[in-house]
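Going down the list, the sequences are from chains A and B. The working numbering numbers the first residue of the first sequence as 1 and each following residue consecutively. The working numbering numbers the first residue of the second sequence as 214 and each following residue consecutively. We put the beta carbon where it would ideally sit given N, CA and C, even for glycine. This one's a predicted model, so the numbers in the text were calculated from it and none came from an experiment. Below is one structure, written out as structure tokens; comments come after it.
Protein chains: 2
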Amino acid sequence: MSDRSGRTRRRGDDLINAIHTAVLEEVVEVGVGRLTMDGIGKRAATPRSTLYRRWSDPVEVLLDALYHAHPVEEPTPGADDLRGDLIRALKLMVTWTLSPAGRAVAAILTDPLSATKMSEALQERVFAHRGGTFTSTVLRHYAERGAFPAGRLTPVVADIGEALVVKRLLDGMPPSDSDLIDFVDQAILPALGLSAPSSDSDRADAATPRPPA
Amino acid sequence: MSDRSGRTRRRGDDLINAIHTAVLEEVVEVGVGRLTMDGIGKRAATPRSTLYRRWSDPVEVLLDALYHAHPVEEPTPGADDLRGDLIRALKLMVTWTLSPAGRAVAAILTDPLSATKMSEALQERVFAHRGGTFTSTVLRHYAERGAFPAGRLTPVVADIGEALVVKRLLDGMPPSDSDLIDFVDQAILPALGLSAPSSDSDRADAATPRPPA
DNA sequence: AACATAAGCTACAGTCGTGTATCTAATGCT
DNA sequence: AGCATTAGATACACGACTGTAGCTTATGTT
Numbered sequence: 001m002s003d004r005s006g007r008t009r010r011r012g013d014d015l016i017n018a019i020h021t022a023v024l025e026e027v028v029e030v031g032v033g034r035l036t037m038d039g040i041g042k043r044a045a046t047p048r049s050t051l052y053r054r055w056s057d058p059v060e061v062l063l064d065a066l067y068h069a070h071p072v073e074e075p076t077p078g079a080d081d082l083r084g085d086l087i088r089a090l091k092l093m094v095t096w097t098l099s100p101a102g103r104a105v106a107a108i109l110t111d112p113l114s115a116t117k118m119s120e121a122l123q124e125r126v127f128a129h130r131g132g133t134f135t136s137t138v139l140r141h142y143a144e145r146g147a148f149p150a151g152r153l154t155p156v157v158a159d160i161g162e163a164l165v166v167k168r169l170l171d172g173m174p175p176s177d178s179d180l181i182d183f184v185d186q187a188i189l190p191a192l193g194l195s196a197p198s199s200d201s202d203r204a205d206a207a208t209p210r211p212p213a
Numbered sequence: 214m215s216d217r218s219g220r221t222r223r224r225g226d227d228l229i230n231a232i233h234t235a236v237l238e239e240v241v242e243v244g245v246g247r248l249t250m251d252g253i254g255k256r257a258a259t260p261r262s263t264l265y266r267r268w269s270d271p272v273e274v275l276l277d278a279l280y281h282a283h284p285v286e287e288p289t290p291g292a293d294d295l296r297g298d299l300i301r302a303l304k305l306m307v308t309w310t311l312s313p314a315g316r317a318v319a320a321i322l323t324d325p326l327s328a329t330k331m332s333e334a335l336q337e338r339v340f341a342h343r344g345g346t347f348t349s350t351v352l353r354h355y356a357e358r359g360a361f362p363a364g365r366l367t368p369v370v371a372d373i374g375e376a377l378v379v380k381r382l383l384d385g386m387p388p389s390d391s392d393l394i395d396f397v398d399q400a401i402l403p404a405l406g407l408s409a410p411s412s413d414s415d416r417a418d419a420a421t422p423r424p425p426a
């Protein structure tokens with residue numbers, strides 16, 4: 001119902017999707033500050049008038065695109081495998097962050113003039129569904145099951161994984177899978193009072209909780 | 214040597230400093246993408262011609278300003294106080310990050326078109342002096358003194374503090390002093406195999422690291 | 001088949017930033 | 001005091017983006 005062949009003119013959702021895709025591409029390429037109706041229109045192969053019929057300026061188009069972007073998969077803690085689930089959660093995050101929508105969010109968050117406009121609704125939709133909730137979904141799950149002392153699950157600890165991912169992205173070097181494993185083994189698990197499975201320097205017996213002093 | 218009174222016309226370093234200040238202010242206000250020679254010129258109260266005599270485009274002005282910005286204080290590990298020094302290092306980082314230069318660096322790092330241009334020289338000058346070296350200076354110092362197992366000081370662990378700070382800044386909530394204490398107690402020290410001074414809250418009486426098991 | 005809707009096309013005046021080119025006059029040096 | 005520099009003040013043509021407006025015509029509906 002959206003790609004019947006002989007058509008020469010897009011309408012409704014068809015058109016809007018094309019425009020959404022275009023803004024996302026555009027913002028990744030030129031940044032929020034250089035977004036223009038012209039650029040978006042050219043990329044979507046639609047005249048500016050069509051854009052102005054719906055949105056008042058480029059940032060509005062972008063915000064709308066973000067609002068309609070598919071939310072990321074949520075990490076679903078499954079088996080009895082905290083470490084594995086954490087790694088999977090971070091992997092999800094990296095995947096999303098590297099997607100057009102993820103990059104666009106990063107762009108808008110760091111733009112002084114548009115960061116303001118993205119308040120309320122979007123903040124919620126964009127962040128509630130993924131913002132900082134990649135690892136914390138997992139962590140809460142295992143905290144309830146007593147896999148580690150519940151008191152250890154502070155806001156700071158819930159942020160460690162995401163923070164490390166974000167820092168690497170900012171440094172221009174997206175974390176590889178083995179980086180993610182290191183994040184979990186060397187930062188998150190120790191903060192929970194657990195130790196990593198086994199490694200050369202850090203010879204721990206198993207994934208046994210080691211209570212602090 | 215730079216503000217003799219009766220003068221009506223700035224020259225040399227005087228002028229250049231004014232321009233540097235102007236770009237930094239401008240970029241914080243409008244973002245890298247909307248930087249213009251016009252805007253910089255107006256803010257510095259200098260005609261565009263003067264700008265073009267020295268730089269070819271707004272981003273060059275910005276890069277030059279960053280290059281000449283005062284580098285941050287380096288954290289100097291002093292007494293035998295790992296925890297205190299870590300907190301101080303993070304405090305230094307936050308201070309710098311909130312300064313015009315810090316904000317400008319953040320802006321340029323996240324701009325798709327200018328991130329490329331800032332390679333080489335600036336990368337080194339800007340990052341060598343602070344990039345990720347706030348806590349790691351401290352950490353290396355204490356690792357050599359055997360305050361914790363040297364093998365614990367991995368690149369990941371050296372990043373934890375900075376990562377958490379960066380994440381909070383991105384979230385629009387610059388970390389308070391007590392946040393920084395939490396970062397150290399709940400994330401960095403555990404990753405080193407150490408535990409925070411007093412467990413329940415943060416009674417910062419004994420700033421002495423306590424070895425684990 | 002006729003109609004309402006909305007996309008596509010084109011044109012326009014207006015604004016803003018760009019580079020460049022003059023000209024002037026303030027400043028620092030000798 | 002005289003001179004070389006170089007900031008400051010225009011002015012200019014050019015291009016990019018902006019909103020808006022008017023027209024044509026594809027599309028889905030009835």
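*Alpha carbon to alpha carbon, how far is Leu113/A from Ala101/A? Give it in angstroms, no decimals.*
Residue 101/A sits at position 101 when you count from the first residue of the first sequence. Residue 113/A sits at position 113 when you count from the first residue of the first sequence. The C-alpha of Leu113/A is placed about 19 Å away from the C-alpha of Ala101/A.
*Segment limits, alpha helix (DSSP H) that includes Ser269/B*: Here residue 269/B refers to the residue found at position 56 when the second sequence is read from its first residue. In this chain, Ser269/B is not harboured by any alpha helix (DSSP H), its DSSP state being neither H nor E.
_I need the DSSP call for Ser389/B, collapsed to helix, strand or coil._
Residue mapping note: residue 389/B aligns to position 176 of the second sequence, counting from 1. Correct three-state label for Ser389/B: coil.
*Closer than 9 Å to chain B by CB, Gly102/A*: On the first sequence, position 102 is the one that residue 102/A refers to. No, its Cβ sits nowhere closer than 9 Å to a Cβ of chain B.
*Partners in chain B for Val32/A, counting only beta-carbon separations shorter than 8 Å*: Taking the first sequence and counting its residues from 1, one reaches residue 32/A at position 32. Under the 8 Å cutoff, chain B gives Gly244, Gly246.
*Can you check whether the CB of Pro288/B is closer than 9 Å to the CB of Thr221/B?*
Your numbering for residue 221/B matches position 8 in the second sequence. Your numbering for residue 288/B matches position 75 in the second sequence. Contact: no.
_chain A residues whose Cβ lies nearer than 8 Å to that of Ala404/B_ = Walking along the second sequence from the start, residue 404/B turns up at place 191. Here the neighbours are Gln186, Ala187, Pro190, Ala191.
*Note the first and the last residue of the continuous alpha helix (DSSP H) segment covering Asp372/B.*
Numbered from 1 along the second sequence, position 159 holds the residue referred to as residue 372/B. It spans 368-383 - the alpha helix (DSSP H) in which Asp372/B sits, taken as one unbroken run.
*So the alpha helix (DSSP H) Ser114/A belongs to, where does it begin and stop?*
As a working note, residue 114/A is residue 114 in the first sequence. Membership of Ser114/A in any alpha helix (DSSP H) is not indicated, and neither H nor E is assigned to it by DSSP.
*asked:* Distance check for Met306/B and Glu375/B, CA to CA, integer angstroms please.
replied: Taking the first residue of the second sequence as 1, we reach residue 375/B at position 162. Taking the first residue of the second sequence as 1, we reach residue 306/B at position 93. In a straight line, the C-alpha of Glu375/B is about 8 Å away from that of Met306/B.
*asked:* Rounded to the nearest angstrom, what separates Thr329/B and Ala44/A at their Cα positions?
replied: Within the second sequence, the letter at position 116 stands for residue 329/B. Within the first sequence, the letter at position 44 stands for residue 44/A. In a straight line, the C-alpha of Thr329/B is about 26 Å away from that of Ala44/A.
*Any C-beta of chain B under 9 Å from that of Asp64/A*: The residue labelled residue 64/A in the question sits at position 64 within the first sequence. It does not: the Cβ of Asp64/A has no partner Cβ on chain B nearer than 9 Å.
*Interfacial residues, the stretch 380-397 of chain B to chain A, with Cβ spacing under 9 Å*: Of all residues in the stretch 380-397 of chain B, Lys380, Arg381, Leu383, Asp384, Gly385, Asp392, Asp395, Phe396 have a Cβ within less than 9 Å of some Cβ in chain A.
*Touching or not, the stretch 221-232 of chain B and the stretch 16-23 of chain A, by the rule of three or more beta carbon pairs under 8 Å?*
Flag = no, the stretch 221-232 of chain B and the stretch 16-23 of chain A do not touch.
*Please name the residue or residues paired with Ser312/B in a DSSP beta bridge.*
Translated into positions along the second sequence, residue 312/B becomes position 99. In DSSP, Ser312/B forms no bridge with anything.
_Going by C-alpha to C-alpha distance, which of Leu237/B, Ser391/B, Gly406/B, Val397/B sits closest to Glu273/B?_
Translated into the one-based positions of the second sequence, residue 273/B becomes position 60. Measuring from the Cα of Glu273/B, the nearest candidate turns out to be Leu237/B.
*Closer than 8 Å, Cβ to Cβ, to anything on chain A: give me those residues from the stretch 249-264 of chain B, in chain order.*
Residues passing the 8 Å Cβ filter: none.
*Taking Cβ positions, are Arg83/A and Asp185/A nearer each other than 9 Å?*
The residue given as residue 83/A occupies position 83 in the first sequence. The residue given as residue 185/A occupies position 185 in the first sequence. Yes, Cβ-Cβ distance for Arg83/A and Asp185/A is below 9 Å.
*How would you call Tyr265/B, buried or exposed, if buried means at least 16 neighbouring beta carbons within 10 angstroms?*
In the second sequence, residue 265/B corresponds to position 52, counting from 1. Exposure of Tyr265/B is indicated by the presence of fewer than 16 other C-beta atoms within 10 angstroms of its C-beta.
*On the three-state DSSP scale, how would you describe Ser195/A?*
To locate residue 195/A, count along the first sequence from 1; it is residue 195. Reduced to three states, the DSSP call for Ser195/A is coil.
*asked:* Distance cutoff 9 Å, beta carbons only. Does Glu375/B sit that close to anything in chain A?
replied: For this step, residue 375/B is matched to residue 162 along the second sequence. Answer yes: the Cβ-Cβ gap between Glu375/B and chain A drops below 9 Å somewhere.
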